[in-house]
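>
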Amino acid sequence: MKKFCKWMLALCLAMVLGTLAASAADTVYVKDGGTGDGSSAPSAFGDLADAIRAVSGGGRVVLVGDTSVAKSAGYDASVGAFTAPATSGTLTLTAEGGARLIFPNGARFFCTGDTTFENITLYN
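Taking numbering that gives the first Met the number 0, the leading residue of the sequence shown gets 0, the next gets one more, and so forth.
1. Using CA coordinates, which residue listed in Val29, Gly32, Ala80 is at the minimum distance from Pro103?
2. Give every residue of the same chain whose Cβ lies closer than 6 Å to the Cβ of Arg107, excluding the five residues on either side of it in the sequence, and list them in chain order.
3. Please name the residue in Asp36, Thr66, Phe109, Ile51 whose C-alpha comes closest to that of Val157.
4. Secondary structure at Ala98, three-state DSSP: helix, strand or coil?
5. Using the beta-carbon count (16 or more within 10 Å), is Leu90 buried or exposed?
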């Protein structure tokens, strides 16, 4: 019985640590002018489409500075729209420190999967 309890404890601990690691990897950061890998606010992505691709299985994209959809590879100026890369899980777009998601006049945002906008300012 002791062997079984130790085995179950080890399994539960591994699952908890795996969940925590997955959660941390499912959050990326983005801002205009960012040059990093998105792993932290100081190392933010510079392109919204790249940030969304980084959490394609679902996760959070956190704006840490103003982010313009028109500066993203996902923006098509001929139709005035940003099309988000496809995700298989829920994408949550949120912001910190007053960061805004900026749209040119009349621009649209096409979601290609489950998308939640949370605590974010949309600016036109």
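Every residue gets a Cβ at the ideal spot worked out from N, C-alpha and C, and that includes glycine. Computed from a predicted model, the values in this text were never measured in an experiment.
With the structure as the only source:
1. For the purposes of this step, residue 103 is taken as the residue at position 104 of the sequence shown. For the residues Val29, Gly32, Ala80, the minimum Cα distance to Pro103 belongs to Ala80.
2. The residue you call residue 107 lines up with position 108 of the sequence shown. Only Ala80 meet the Cβ criterion.
3. Outside the shown range of the chain (0 to 123) lies residue 157, about which nothing can therefore be said.
4. Within the sequence shown, the letter at position 99 stands for residue 98. Three-state result, Ala98: coil.
5. Stepping through the sequence shown from its first residue, residue 90 is reached at position 91. Here Leu90 is buried, its C-beta having at least 16 other C-beta atoms within 10 Å.
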